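Chemist: Per the working numbering, the very first residue in the sequence shown carries number 110; after that it's consecutive.
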Amino acid sequence: MRRVGVPTLALTLALTLNLAGTAAAQVPAAPANPAAPASALDNYASAAATTIIAEQACPGVQVRAGQLTTLRLAARVNAGQEAILEEKLRTRATQVRQQLAADGRETWCAQTLAAFGPAGSVAKGILATGAPIR
C-alpha cells in the first residue's frame, strides 16, 4: 500500500484541481441526484475541492492541510480508490468553479468560510484566515 503524505496529497490535489479548472467552462455540471446519499469519498472530494479552490479564490484564506488530511483519513481512502477519487475531485472542482462564477467571489467566499472556517457548519477549521497556518 502506498502512503501519501500531506505535501504529496496537497500537490496532487492542487494539480488535479488546476487541470480541472482549464476545462471547467466546457464541461457542464453533473446533475445532482438528491435521492442518492453521499459516500464518505464524495464528502471528502467535495470538501477538498471546495477548500482548495477557496484558498486560490478568496483573499487571505488558507487550507489547514492537517485538517484536510484528517478528513481523508476519516473517509478511509485506500490505494484502490485513488482513480475514483481523482475523477470525483475533477467533477466537484468543475461544479465548485461554476458555483463560484454564478455567485460571485465575495458571496461564494463568505458561504465557503461559513461552511469550512473556524466555526464551520460542514467541517470546522479546514479553512483559516489572517493567522499564520501551522
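Beta carbons: idealized from backbone N, C-alpha and C, even for Gly. Bear in mind that the values here come from a model prediction, so they are computed numbers and not experimental data.
For arginine 185, count neighbouring C-beta atoms within 10 Å of its own C-beta (all shown protein chains included) and say buried if the count is 16 or more, exposed if not.
Modeler: exposed
Chemist: Pick out whichever of Ile162, Leu150, Cys167 has its Cα sitting closest to the Cα of glutamine 190.
Modeler: Leu150
Chemist: Let me know the secondary structure DSSP gives valine 170 once reduced to three states.
Modeler: strand
Chemist: To the nearest angstrom, how far is the alpha carbon of alanine 232 from that of isoleucine 193?
Modeler: As the crow flies, the alpha-carbon of alanine 232 is around 22 Å from that of isoleucine 193.
Chemist: For glutamate 196, is the classification buried or exposed, using 16 other Cβ atoms within 10 angstroms of its Cβ as the cut-off for buried?
Modeler: Note on glutamate 196: under 16 other CB atoms within 10 angstroms of its CB, so exposed under the neighbour-count rule.
Chemist: Whole-angstrom Cβ separation of glycine 234 and arginine 173, contact assumed at under 8 Å?
Modeler: Right, the Cβ-Cβ distance comes to about 6 Å (below 8 Å), so this counts as a contact.
Chemist: Quick check on the burial criterion: 16 or more other C-beta atoms within 10 angstroms. Buried or exposed for valine 115?
Modeler: Confidence is the limiting factor: at valine 115 the pLDDT is only 43, short of 50, which leaves the residue's position unreliable, though a coordinate-based value still follows. With fewer than 16 Cβ atoms within 10 Å of its Cβ, valine 115 is classed as exposed.
Chemist: How about isoleucine 162 and arginine 206: do their beta carbons lie closer than 9 Å?
Modeler: yes
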